[in-house]
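S.K.: First, the structure itself, so that you have it in front of you.
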Amino acid sequence: MWTDENRKRYERSHLRYPSDLTDEEWALIEPLIPPAKSGGRKRTVNMREVTNGVMYVLSTGCQWRYLPKDLPSKSTVFRYFDTWSHDGTLKAIHNELYVKCREAAEREASPTAAIIDSQSVKSAEKGGPLLMRMATMPVKRSKARNAMFW
Numbered sequence: 065m066w067t068d069e070n071r072k073r074y075e076r077s078h079l080r081y082p083s084d085l086t087d088e089e090w091a092l093i094e095p096l097i098p099p100a101k102s103g104g105r106k107r108t109v110n111m112r113e114v115t116n117g118v119m120y121v122l123s124t125g126c127q128w129r130y131l132p133k134d135l136p137s138k139s140t141v142f143r144y145f146d147t148w149s150h151d152g153t154l155k156a157i158h159n160e161l162y163v164k165c166r167e168a169a170e171r172e173a174s175p176t177a178a179i180i181d182s183q184s185v186k187s188a189e190k191g192g193p194l195l196m197r198m199a200t201m202p203v204k205r206s207k208a209r210n211a212m213f214w
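The sequence shown begins at 65 in the numbering used here and counts up one residue at a time.
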């Protein structure tokens with residue numbers, strides 16, 4: 065419910081972008097970010113800024129090339145987004161935040177009931193979450209498509 069207390073709690077005007085993580089949000093997510101791989105160069109990118117970049121694209125739906133210049137480069141943000149979606153980091157972050165929200169609402173961690181409509185069933189048959197990831201990737205055309213067949 066939108067009370068004065070909740071409005072202050074969820075106020076995001078002090079952030080650079082509304083999609084940026086607050087200190088409290090970052091404290092929840094930071095332990096779930098995989099550490100840098102051993103060997104090779106040291107990680108020089110700020111992982112909080114990378115996460116802010118991913119959140120910016122996911123919340124605004126903008127194209128990668130329209131990522132603001134004060135965030136890490138689009139190739140860096142996309143590389144981490146792609147890696148995290150493959151290795152399950154994004155899913156782990158979602159699950160952690162989901163459980164915290166359920167606990168804050170004094171509900172059990174997993175719901176005991178669900179509502180399924182025909183639209184949800186259709187998207188699940190076509191691939192569900194994979195479609196969101198595919199929408200962010202460039203189109204790849206096969207060479208056979210360009211060949212002339214008689």
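The beta carbon of each residue, even a glycine, is placed where N, CA and C say it ideally should be.
(1) For Y130 and S174, I'd like the C-alpha separation in whole angstroms.
(2) State the CB to CB distance for the pair M111 and I97, rounded to an integer number of angstroms; the pair is presumed to be in contact (CB under 8 Å).
(3) Along the chain, where does the alpha helix (DSSP H) that runs through Y120 open and close?
(4) Just the C-alpha distance for H78 and L122, rounded to the nearest angstrom, thanks.
(5) So, with DSSP's three-state summary, where would you put Q127?
(6) If you check the beta carbons only, do P136 and G117 fall under 7 Å apart?
(7) Report yes if the C-beta distance between T140 and V109 is below 7 Å; otherwise report no.
(8) Enumerate in chain order the residues of its own chain whose CB-to-CB distance from A100 is below 6 Å, with the five nearest sequence positions on each side excluded.
(9) Could you check what DSSP says for L135 in three-state terms: helix, strand or coil?
(10) Since L161 and L85 should fall inside the 8 Å C-beta cutoff, what is the C-beta to C-beta distance between them, to a whole number of angstroms?
(11) Does DSSP put A169 in a helix, a strand or coil?
(12) Exposed or buried, which one is T67 when buried takes at least 16 other CB atoms within 10 Å?
(13) Which parts of the stretch 76 to 115 are runs of the alpha helix (DSSP H), unbroken and 4 residues or longer, counting only runs that do not cross its ends?
M.R.: Taking the definition as stated:
(1) 37 Å
(2) 5 Å
(3) 111 to 124
(4) 20 Å
(5) coil
(6) yes
(7) yes
(8) R107
(9) coil
(10) Contact flag wrong, Cβ pair sits at about 11 Å.
(11) coil
(12) exposed
(13) 87 to 93
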